[in-house]
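> Dropping the structure in here first, questions after.
In this note's numbering, the protein residues as written are 28 to 344.
Below is the structure:
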């Protein structure tokens, strides 16, 4: 009954090959994967009334339950937009340390009717004990991490890298002006994998941890290097975001939102460059500042337009 993920597996195999060739030939403004705000599976038209009692029509994001199995074991049920269930399942298992970087994935099966995705590996797996040791995170849609992930940060050494402010400003401008489900319907988070000032993969989902996991799954499936990458998220810089970015081996994490104290503490411990409140001309770095190269003249940086402005904390304004 299960159907192989031919539809969602890889939209751009030729473009993926170009990554291994240092992105030669890919225009700087072209994503390998980006949101499709007009995909009819992802939003619905609904009616209601506004504050004056007048009838209104609007589009809302559709979320669905997806149950992830690793071989024969049920791991978790996630609420997701289900656009890339294969990448989500692989990335979730990777970021929970249930799938190892050197594991051989022999297949990924997805049954849309049952809302089930099964990741099959050559190695036998059993995580009954691990599944009892959960830590609920502050992420939207009930994100979880398992206790041993935080212990694993002790021995992490992230690669050397640099973040030029010219890249940062160009990157955030491109991301904020890209057509997205957020601009179409709202109620969604976005994450972007980038190199220098070039966004490569842009994933959205109802929970930011899902968007992170989809990118992690994409990187694993296509064996994309992490040491020269920048990770961008629209959500808060929490402990969960830091842990997942570090586990992916990415040295730089950027957000337009603010920080949590534990997120900052973990980033400093792992020497992750942590940049938040990145909107228009402004940003704040609270960890890994030594990687930042201030090469951009701020006179030539535009402020963020109201059209592309997302919600933010009052103190972040």
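From the three backbone atoms N, C-alpha and C, an ideal C-beta is built for every residue, glycine too.
Determine the closest residue to residue 290 out of 195, 271 and 307, with distance taken between C-alpha atoms.
It is 271 whose Cα lies nearest to the Cα of residue 290.
> Under the three-state reduction of DSSP, which class applies to residue 235: helix, strand or coil?
In the structure shown, residue 235 sits in a helix (DSSP, three-state: H, G or I).
> Cβ of residue 305 within 9 Å of Cβ of residue 121?
No.
> Which whole-angstrom value is the C-beta distance of residue 88 and residue 214, which I expect to be below 8 Å?
Residue 88 to residue 214, Cβ: 5 Å. Contact.
> For residue 70, collect the residues of the same chain with a Cβ closer than 8 Å to its Cβ; drop the 5 residues on either side in sequence, then sort them by chain order.
Excluding positions up to five away in sequence, the list reads 64, 86, 87, 88, 89, 208, 211 and 212.
> Would you mind giving the Cβ-Cβ distance between residue 132 and residue 146, rounded to the nearest angstrom? I have them listed as a contact below 8 Å.
Their Cβ separation, rounded to whole angstroms, is 6 Å, which keeps residue 132 and residue 146 in contact under 8 Å.
> In terms of residue numbering, what span does the beta strand (DSSP E) encompassing residue 136 cover?
Here the beta strand (DSSP E) through residue 136 covers 132–138.
> Using a Cβ-Cβ cut-off of 9 Å, state whether residue 89 counts as contacting chain B.
Chain labels in this structure do not include chain B; a single protein chain is all it has.
> Ordered along the chain, which non-local residues of its own chain (more than five positions away) have a Cβ less than 6 Å from that of residue 239?
Answer for residue 239: 218 and 271, listed in chain order.
> Measuring only the C-alpha atoms, how far is residue 111 from residue 241?
When rounded, the distance between both Cα atoms is 7 Å.
> For the alpha helix (DSSP H) that contains residue 293, what are its first and last residues?
288–297 is the extent of the alpha helix (DSSP H) around residue 293.
> Please return the same chain residues whose Cβ sits closer than 6 Å to the Cβ of residue 143, not counting the five positions on each side in sequence.
94, listed in sequence order.
> Sort 263, 237, 230 and 221 by Cα distance to residue 251 and report the nearest one.
Answer by Cα proximity: 221.
> May I have the straight-line CA-CA distance separating residue 97 from residue 81, to the nearest angstrom?
The alpha-carbon atoms of residue 97 and residue 81 are separated by roughly 49 Å.
> Considering only the alpha carbon of each residue, which of 325, 195 and 129 lies closest to residue 223?
Considering only alpha carbons, the answer is 195.
> Provide the residue(s) that pair with residue 225 in DSSP beta bridges, ordered along the chain.
Residue 225 pairs with 222.
> If you measure between the beta carbons of residue 266 and residue 287, is that distance less than 9 Å?
For residue 266 and residue 287, yes; Cβs fall inside 9 Å.
> For the beta strand (DSSP E) that contains residue 274, what are its first and last residues?
Here residue 274 belongs to no beta strand (DSSP E); instead the alpha helix (DSSP H) covers 266–275.
> Just to confirm the assignment, what range does the alpha helix (DSSP H) spanning residue 193 have?
Segment 192–203, the alpha helix (DSSP H) holding residue 193.
> Let me know the secondary structure DSSP gives residue 112 once reduced to three states.
The answer is helix: DSSP assigns residue 112 an H, G or I state.
> Who are the near neighbours of residue 104 in its chain, counting only those whose CB is closer than 8 Å to its CB and skipping five residues on each side?
Contacts found: 92, 93, 94 and 95.
> Using only the alpha-carbon positions, how far apart do residue 258 and residue 107 sit?
Those two C-alpha atoms are separated by around 20 Å.
> Run through DSSP, which three-state label would residue 259 get?
In this structure, residue 259 counts as strand in the three-state DSSP scheme.
> Among the candidates 185, 60 and 100, whose CA atom is the shortest distance from the CA of residue 273?
Comparing Cα positions, the closest option is 185.
> Drop a sphere of 10 angstroms on the beta-carbon of residue 326, count the other beta-carbons inside from all chains shown, and report buried for 16 or more, exposed for fewer.
It counts as exposed.
> Here's the rule: buried if 16 or more other CB atoms are within 10 angstroms of the residue's CB, otherwise exposed. What is residue 231?
Buried, because 16 or more other Cβ atoms sit within 10 Å of the Cβ of residue 231.
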